[in-house]
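Engineer: Got a structure for you, questions after.
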Amino acid sequence: MAQMTMIQAITNALQTELKNDEDVLVFGEDVGQNGGVFRATEGLQEEFGEERVFDTPLAESGIIGMAVGMSTQGVRPVPEIQFFGFVFEAMDAVSGQAARFRYRSGGRWHAPITIRSPFGGGVHTPELHADSLEGLFAQQPGLKVVIPSGPYDAKGLLIQSIRDNDPVIFLEHMKLYRSFREEVPEEEYTLELGKAETKREGKDITLIAYGAMVHAALKAAEELEEENIQAEVIDLRTIAPIDVDTIIESVKKTSRAVVIQEAQRKAGIAASIVSEIQERAILHLEAPVLRVTAPDTVYPFSEAEEIWLPNHKDIVEKAKESINF
Amino acid sequence: MSFKNPLEKIEDKFEMIQILDENGKIVDEDNVPDLSDDDLVELMKRMVYTRVLDQRSIALNRQGRLGFYAPTAGQEASQLGSHYALEKDDFILPAYRDVPQLIWHGLPLYQAFLFSRGHFHGNQMPDDVNALSPQIIIGAQITQAAGVAVGMKKKGKENVAITYTGDGGASQGDFYEGINFAGAYQAPAIFVVQNNQFAISVPVDKQSAANTISQKAAAAGIPGFLVDGMDVLAVYQVTKEARERAINGDGPTLIETMTYRYGPHTMAGDDPTRYRTDDMDDDWEKKDPIVRFRKYLEEKDLWSEDQENAVVEKAKEEIKAAVKKADKYDKMKVTDLMENMYEELPANLQEQMEEYKEKESK
Ligand SMILES: Cc1ncc(C[n+]2csc(CCOP(=O)(O)OP(=O)(O)O)c2C)c(N)n1
Ligand SMILES: [Mg+2]
Chain A
1 MAQMTMIQAI
11 TNALQTELKN
21 DEDVLVFGED
31 VGQNGGVFRA
41 TEGLQEEFGE
51 ERVFDTPLAE
61 SGIIGMAVGM
71 STQGVRPVPE
81 IQFFGFVFEA
91 MDAVSGQAAR
101 FRYRSGGRWH
111 APITIRSPFG
121 GGVHTPELHA
131 DSLEGLFAQQ
141 PGLKVVIPSG
151 PYDAKGLLIQ
161 SIRDNDPVIF
171 LEHMKLYRSF
181 REEVPEEEYT
191 LELGKAETKR
201 EGKDITLIAY
211 GAMVHAALKA
221 AEELEEENIQ
231 AEVIDLRTIA
241 PIDVDTIIES
251 VKKTSRAVVI
261 QEAQRKAGIA
271 ASIVSEIQER
281 AILHLEAPVL
291 RVTAPDTVYP
301 FSEAEEIWLP
311 NHKDIVEKAK
321 ESINF
Chain B
1 MSFKNPLEKI
11 EDKFEMIQIL
21 DENGKIVDED
31 NVPDLSDDDL
41 VELMKRMVYT
51 RVLDQRSIAL
61 NRQGRLGFYA
71 PTAGQEASQL
81 GSHYALEKDD
91 FILPAYRDVP
101 QLIWHGLPLY
111 QAFLFSRGHF
121 HGNQMPDDVN
131 ALSPQIIIGA
141 QITQAAGVAV
151 GMKKKGKENV
161 AITYTGDGGA
171 SQGDFYEGIN
181 FAGAYQAPAI
191 FVVQNNQFAI
201 SVPVDKQSAA
211 NTISQKAAAA
221 GIPGFLVDGM
231 DVLAVYQVTK
241 EARERAINGD
251 GPTLIETMTY
261 RYGPHTMAGD
271 DPTRYRTDDM
281 DDDWEKKDPI
291 VRFRKYLEEK
301 DLWSEDQENA
311 VVEKAKEEIK
321 AAVKKADKYD
331 KMKVTDLMEN
341 MYEELPANLQ
351 EQMEEYKEKE
361 SK
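Taken in sequence, the protein lines are chains A and B.
Counting in the working numbering, the first sequence runs from 1 upward without gaps.
Counting in the working numbering, the second sequence runs from 1 upward without gaps.
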């Protein structure tokens, strides 16, 4: 076992699948010699050659459109979108094409593509270099959306995403890339897509989060513990499809829940989880299910990030609101 | 193959235009721009000033006093020569590296610094500055430039829209769409592609099988010119003629300027030694736009060391004052951003506005 950051775990997962499967190709802007702007593909071109790890011309719709076409030739494309805000350039290729490839052809074709991309905020990037657009893709039928909260999960989920025969959007929170290390096995392993993980058990309230907000929720749970509130923390890991069973089981136990997302409030993942809970467990609830989210503005220019981003204090506050309801 | 390849010798049609060579000698007498001595001196002042601004911006970024910054040294002739051919009412659609053109179009320096820091006031062009703020999305400005130009034509204005992108930007669909739309409507637009040889780490020859970017104009049915982007006279003259053609109703032009950025892609961790060699850097620095123009002006007795020092001092002072002004400017609030989302605040934001006002008062 080795201690790895999330970015190292991602590189390690890519390397594992490049070794395992000749059909895996890794490509995107600056992913070759430069190793990617975050160094996620560091050393991979050197190890596997330019035929398998390569730079593309600068055009996101070209990158994803090409990946869709490659799928018909038995290729397993793992393209990178350099920052997720640039995916707007490729919206048709992703949502209009890749997501519908299997459906449209009645199963004749499918698109085993894994689109990797850094997302989220809090690292003072310029506009469109920080965004939480996962909701747009979670809403698109035909796509899976996977969001790891740390190194161990990142490796297991990325390998599984690459092996999945449907298109997966694999989102890597920029703040988590190098923020901590954890034990990651050198050998290969996979984590099932669509399965949440209960990160911490508790009987009083369920905190549901994904990505960087998992850590805010865990921190909130520690603070709540000081006041004798036992919070259960669920890391969704995959936001499309959502592991409803794990959520409902927990809520039936705790009778209270707060759903947390870094993204803006309206029409979000948190809102859809709230509706799943009320449809399936309303008689178990002692309080309305509450949300912690960012406000409904475009992601702020970097100067106002701190106050815009939800944090553990907001979660503590909402949890108490639920408890005191 | 029985058919003649239509691409044969196409590059011959896109030979690089140069007026002033690396040694500061005029190599194309016929095309020397009709600029007064004052204009020539002004061009030099702007290039020197902008080089100082670049050096200071890099230093300020390293001290943590600026945020996002894309270095400009090496590209002064390309940026400022093309800008000098414009009029105040011409409309600029810049990319993130094109802050110098905005400054010479009237954007106060302190606002350029606020843009760098991620304060929205840095994007608020003063009323008399016809420009958008620097575009972050590669290529988005190119179709918009066609739109600005079509709008100008409709309104009967005698002005042009000019947009800037890089060699990488010329690979985006938006690039082809933009030049094609402007051509289809014969709109008064100028598309400048600053070919600084790299898109972050990717060399230009990996972007396309075409040997030049300028030749892509042919497919859109508009003129394309390849220009020595280190030669301020050539860049100025080609842009000026493009502007005249546009104003006369003869449609858009594509200009590719061959240039180089000396610094890293941006100050956010790019390391050019991963993809460029020292030899390449040295070769390009020999073509430096300021060095050759200085030689030319000195030969004409229009420029001296004292003059240059005076510009450097003035730049340093103004930069210092602008940083101070940016420091004093009110910090940006989330509620400011809310105000700018819609003309009228919808219900969800009205509610959130109250919540954030309270948060911000703590
Ligand atoms: C749509 C989009 N894709 C990718 C990026 C990331 N990015 C920023 S600059 C850049 C390279 C641009 O190169 P070029 O067009 O040659 O301009 P230069 O930076 O060299 O001036 C890339 C890939 C972006 N900002 N927008
Ligand atoms: Mg470039």
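Positions of the beta carbon are idealized from the N, C-alpha and C atoms, including for glycine.
Sorry if obvious, but does the Cβ on ARG39(A) come closer than 7 Å to a heavy atom of ligand 1?
Structural biologist: Position 39 of the first sequence, counted from the first residue, corresponds to residue 39(A). No, Cβ of ARG39(A) sits at least 7 Å from all heavy atoms of ligand 1.
Engineer: In chain order, what are the residue ranges of uninterrupted alpha helix (DSSP H) at least 4 long that sit wholly in the region 219–295 of chain B?
Structural biologist: Segments of the alpha helix (DSSP H) lying fully in the region 219–295 of chain B: 232–247 and 278–285.
Engineer: Does the separation of the CB atoms of ALA2(A) and LYS333(B) fall below 8 Å?
Structural biologist: Counting from one through the first sequence, the residue named residue 2(A) turns up at place 2. Counting from one through the second sequence, the residue named residue 333(B) turns up at place 333. No, Cβ-Cβ distance for ALA2(A) and LYS333(B) is not below 8 Å.
Engineer: For ligand 2, is there any heavy atom lying closer than 7 Å to the beta carbon of PHE198(B)?
Structural biologist: By 1-based counting over the second sequence, the position of residue 198(B) is 198. Because some heavy atom of ligand 2 lies under 7 Å away, the Cβ of PHE198(B) counts as near it: yes.
Engineer: Assuming contact is defined by CB atoms lying nearer than 8 Å, are GLN55(B) and GLN79(B) in contact in what I supplied?
Structural biologist: What you label residue 55(B) is simply residue 55 of the second sequence in a count that begins at 1. What you label residue 79(B) is simply residue 79 of the second sequence in a count that begins at 1. No, Cβ-Cβ distance for GLN55(B) and GLN79(B) is not below 8 Å.
Engineer: From LEU86(B), PHE115(B) and GLU11(B), pick the residue whose C-alpha is nearest to that of ASN61(B); which is it?
Structural biologist: Numbered from its first residue, the second sequence carries residue 61(B) at position 61. Out of LEU86(B), PHE115(B) and GLU11(B), PHE115(B) has the C-alpha closest to the C-alpha of ASN61(B).
Engineer: Counting along the chain, where does the beta strand (DSSP E) carrying LEU93(B) start and finish?
Structural biologist: Against the second sequence, residue 93(B) aligns to sequence position 93. Its beta strand (DSSP E) spans residues 91–93.
Engineer: For the alpha helix (DSSP H) containing ALA240(A), name the first residue and the last one.
Structural biologist: Position 240 of the first sequence holds residue 240(A). From DSSP, ALA240(A) is part of no alpha helix (DSSP H) but of the beta strand (DSSP E) over 238–240.
Engineer: Determine contact between the region 132–142 of chain A and the region 304–324 of chain A, defined as no fewer than three beta-carbon pairs at a distance below 8 Å.
Structural biologist: Contact fails: fewer than three Cβ-Cβ distances are below 8 Å.
Engineer: Select from the region 288–304 of chain A all residues with a C-beta closer than 8 Å to any C-beta belonging to chain B, and list them in chain order.
Structural biologist: For the region 288–304 of chain A, which is checked against every Cβ of chain B, the residues closer than 8 Å are PRO295, ASP296, THR297, VAL298, PRO300, PHE301, SER302, GLU303 and ALA304.
Engineer: Output, in sequence order along the chain, the residues in the region 347–361 of chain B whose CB is closer than 9 Å to any CB in chain A.
Structural biologist: Going along the region 347–361 of chain B in chain order, one finds ASN348, LEU349, GLN352, MET353, GLU355, TYR356, LYS359 and GLU360 with a Cβ nearer than 9 Å to chain A.
Engineer: Just how far apart, CA to CA, sit PRO264(B) and SER201(B)?
Structural biologist: Here the question's residue 264(B) lines up with position 264 in the second sequence. Here the question's residue 201(B) lines up with position 201 in the second sequence. Their backbone Cα atoms lie some 10 Å apart in a straight line.
Engineer: For the region 326–338 of chain B, which residues have a beta carbon sitting closer than 8 Å to at least one beta carbon of chain A?
Structural biologist: Answer set for the region 326–338 of chain B: LYS331, MET332, LYS333, VAL334, ASP336, LEU337 and MET338.
Engineer: At a threshold of 7 Å, does GLY156(B) count as lining ligand 2 (C-beta to nearest heavy atom)?
Structural biologist: The sequence position of residue 156(B) within the second sequence is 156, counting from 1. GLY156(B): no, Cβ never under 7 Å from ligand 2.
Engineer: Is the separation between the beta-carbon of ALA95(B) and that of THR143(B) shorter than 8 Å?
Structural biologist: Translated into positions along the second sequence, residue 95(B) becomes position 95. Translated into positions along the second sequence, residue 143(B) becomes position 143. In this structure, THR143(B) does not lie closer than 8 Å to ALA95(B) by Cβ.
Engineer: Please classify ALA99(A): does DSSP put it in a helix, a strand, or coil?
Structural biologist: As a position in the first sequence, residue 99(A) is number 99, starting the count at 1. Helix.
Engineer: Can you give the Cα-Cα distance for LYS313(A) and GLY156(A), rounded to whole angstroms?
Structural biologist: In the first sequence, counting from the first residue as 1, residue 313(A) sits at position 313. In the first sequence, counting from the first residue as 1, residue 156(A) sits at position 156. If you take the alpha carbons of LYS313(A) and GLY156(A), they lie about 31 Å apart.
Engineer: When we look at the beta-carbon of PRO310(A) and count the other beta-carbons within 10 Å, is it buried (16 or more) or exposed?
Structural biologist: Your numbering for residue 310(A) matches position 310 in the first sequence. Result: buried.
Engineer: Shortest alpha-carbon distance to TYR69(B) belongs to which of VAL274(A), GLY49(A) and THR125(A)?
Structural biologist: The residue you call residue 69(B) lines up with position 69 of the second sequence. It is THR125(A) whose Cα lies nearest to the Cα of TYR69(B).
Engineer: For chain B, check one thing: does any of its Cβ atoms lie closer than 8 Å to the Cβ of GLU46(A)?
Structural biologist: As a first step, residue 46(A) is located in the first sequence; it is residue number 46 there, counting from the start. Chain B, which has no Cβ nearer than 8 Å to the Cβ of GLU46(A), makes this no.
Engineer: In chain A, which residues lie less than 9 Å from VAL202(B) when you measure between Cβ atoms?
Structural biologist: Here residue 202(B) refers to the residue found at position 202 when the second sequence is read from its first residue. Per Cβ cutoff of 9 Å: GLU29, ASP30, GLY32, GLN33, ASN34, ASP55, THR56, PRO57 and LEU58.
Engineer: According to a CB-to-CB cut-off of less than 9 Å, which residues of the region 68–90 of chain A neighbour chain B?
Structural biologist: If the cut-off is 9 Å between Cβ atoms, the region 68–90 of chain A has GLN82, GLY85, PHE86, PHE88 and GLU89 near chain B.
Engineer: How about LYS324(B): is its C-beta nearer than 8 Å to some C-beta of chain A?
Structural biologist: Residue 324(B) sits at position 324 when you count from the first residue of the second sequence. Output row for LYS324(B): interface = no.
Engineer: Please tell me whether, using a cut-off of 7 Å, the distance from the CB of GLN194(B) to the nearest non-hydrogen atom of ligand 1 is below it.
Structural biologist: Working through the second sequence from its first residue, we reach residue 194(B) at position 194. Answer for GLN194(B): yes, Cβ within range of ligand 1.
Engineer: Could you work out which residues of chain A lie near SER208(B), taking near to mean beta carbons separated by less than 8 Å?
Structural biologist: For the purposes of this step, residue 208(B) is taken as residue 208 along the second sequence, with counting starting at 1. Going along chain A in sequence order, the residues near SER208(B) (Cβ under 8 Å) are PRO57.
Engineer: Would you list, in chain order, the members of the region 118–149 of chain A that have their beta-carbon closer than 9 Å to a beta-carbon of chain B?
Structural biologist: Taking 9 Å as the Cβ-Cβ cut-off against chain B, the residues of the region 118–149 of chain A that qualify are HIS124, THR125, PRO126, GLU127, LEU128 and HIS129.
Engineer: Along chain A, in chain order, which residues have C-beta atoms closer than 8 Å to that of ARG274(B)?
Structural biologist: Numbered from its first residue, the second sequence carries residue 274(B) at position 274. Result: GLN33, ASN34 and GLY35.
Engineer: Relative to the alpha-carbon of ILE162(B), which residue among PRO108(B), ASP271(B), GLU344(B) and LEU86(B) has its alpha-carbon at the smallest distance?
Structural biologist: Counted from its first residue, the second sequence places residue 162(B) at position 162. Checked all of PRO108(B), ASP271(B), GLU344(B) and LEU86(B); the closest Cα to ILE162(B) is LEU86(B).
Engineer: Do the CB positions of ILE229(A) and ALA257(A) come within less than 8 Å of each other?
Structural biologist: Counted from its first residue, the first sequence places residue 229(A) at position 229. Counted from its first residue, the first sequence places residue 257(A) at position 257. Contact flag unset, no.
Engineer: Could you list which residues in chain A have their beta carbon closer than 9 Å to that of MET341(B), in chain order?
Structural biologist: Position 341 of the second sequence, counted from the start, is the residue given in the question as residue 341(B). Those within 9 Å of MET341(B) in chain A are ASP296, THR297 and VAL298.
Engineer: Could you work out which residues of chain B lie near SER61(A), taking near to mean beta carbons separated by less than 9 Å?
Structural biologist: Here residue 61(A) refers to the residue found at position 61 when the first sequence is read from its first residue. Chain B residues near SER61(A): GLN172 and GLY173.
Engineer: Looking at the unbroken alpha helix (DSSP H) that takes in SER57(B), where does it start and where does it end?
Structural biologist: For this step, residue 57(B) is matched to residue 57 along the second sequence. Its alpha helix (DSSP H) spans residues 37–62.
Engineer: Given that HIS119(B) touches chain A, what residues does it touch there, using C-beta distances under 7 Å?
Structural biologist: Residue 119(B) sits at position 119 when you count from the first residue of the second sequence. Under the 7 Å cutoff, chain A gives PHE301 and GLU303.
Engineer: Could you check which residue in ALA199(B), GLY221(B), THR266(B) and PHE181(B) has the C-alpha nearest to that of VAL31(A)?
Structural biologist: As a first step, residue 31(A) is located in the first sequence; it is residue number 31 there, counting from the start. Nearest C-alpha to VAL31(A): ALA199(B).
Engineer: Can the beta-carbon of LEU58(A) be found closer than 8 Å to that of GLN172(B)?
Structural biologist: In the first sequence, the residue the question calls residue 58(A) occupies position 58. In the second sequence, the residue the question calls residue 172(B) occupies position 172. The answer is yes: Cβ separation under 8 Å.
Engineer: Residues of chain A with a CB under 7 Å from the CB of PHE68(B): which are they?
Structural biologist: Residue mapping note: residue 68(B) aligns to position 68 of the second sequence, counting from 1. Those are PRO126, listed as they occur along chain A.
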